[in-house]
Amino acid sequence: MECPLCFHESTLFEANVYLCSHCSLVFKNSKDHLSDSEDYDRYSSHQNNSSDQGYRDFLNKVVRPLKELLPPKFKGLDFGCGPGPTMSLLLEECGGEMSNFDPHFFPDAPLLIPEAYEVVTCTEVVEHFKKPHNDWKLLVDLVSDGGLLAVMTQIFDPQLFSYQKWWYKNDPTHVVFYQKETITYLEDYFDLKLLYTDNQSVLIFKKE
4 MECPLCFHES TLFEANVYLC SHCSLVFKNS KDHLSDSEDY DRYSSHQNNS SDQGYRDFLN
64 KVVRPLKELL PPKFKGLDFG CGPGPTMSLL LEECGGEMSN FDPHFFPDAP LLIPEAYEVV
124 TCTEVVEHFK KPHNDWKLLV DLVSDGGLLA VMTQIFDPQL FSYQKWWYKN DPTHVVFYQK
184 ETITYLEDYF DLKLLYTDNQ SVLIFKKE
């Protein structure tokens, strides 16, 4: 099976799940992907919104370390904001001029301007990428040189837990999973430098 991130050969890892020998991406067989309409129905059921303090606290796992790296004023984009944009509001409080993009709920394609943003956030999105090579390229291309890309996704660490018992893989819309070695691959391939990680889910890159 060809890896959808680096296009190297992968081997069977679990039933219908593959492990890339080159970039260490773990990914589900594309035959098991939901359709776009099924994805939309599941995403629409999410109750996250800006009035939910629990959701704001969750996003603050990214905002707190990101604040230490932000310029006083910046132009930013929340990529994959979902039906209730909240990250953009939190970053506007930090001096940002923010826009929202989501392929299902805010599909404003003119916002996808290469190198237009000093800050791009992408929380709980990259695990949904069905074509991760193309999707990561789009994401990185949005960031201006020297800009910041903040990502949240659960990192798979087989030394801490088994894939079979990992709760994160149970969501059928989660189709690709990243290990520490995958993060290193992304840094090298896309000319990124990892400035911060909590080693669990938060990654803040600088585009070199």
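Residue numbers (our numbering): 4 to 211. Don't be surprised by glycine CBs; every beta carbon is placed ideally from N, CA and C.
Where residue i falls: helix, strand or coil (DSSP)
i	result
Asp130	Residue identity check: residue 130 is Glu in the sequence provided, not Asp. In this structure, Glu130 counts as helix in the three-state DSSP scheme.
Thr89	coil
Val178	coil
Glu96	coil
Tyr58	helix
Tyr21	strand
Lys172	helix
Leu114	helix
Buried or exposed by the 16-neighbour rule on C-beta atoms within 10 Å, applied to residue i
i	result
Gly150	buried
Gly99	buried
Ser54	exposed
Ile116	exposed
Lys34	exposed
Asn137	exposed
Thr185	buried
Glu127	buried
Asp44	exposed
Glu224	Here the chain comprises residues numbered 4 to 211, so residue 224 is not present and cannot be evaluated.
Trp139	buried
Bridge partners - residue i, DSSP secondary structure assignment
i	result
Asn103	Asp81
Cys125	Val154
Ile186	Paired residue(s): none; Ile186 is not in a bridge.
Tyr120	Val146
Leu8	Leu8 is not bridged to any residue.
Val66	According to DSSP, which records beta bridges pairwise, Val66 is partnered with nothing at all.
Lys210	Leu195
First and last residue of the uninterrupted alpha helix (DSSP H) at residue i
i	result
Val143	135 to 144
Ser40	39 to 47
Phe16	Taken as a continuous stretch (DSSP letters only), Phe16 belongs to no alpha helix (DSSP H), being part of the beta strand (DSSP E) at 13 to 17.
Endpoints, the beta strand (DSSP E) within which residue i is located
i	result
Leu1	Summary: the structure shown does not reach residue 1, with the chain confined to residues 4 through 211, and so no result is reported for it.
Leu163	Premise fails: Leu163 is in no beta strand (DSSP E) and is neither H nor E.
Leu72	No beta strand (DSSP E) holds Leu72; DSSP gives it neither H nor E.
Lys31	29 to 31
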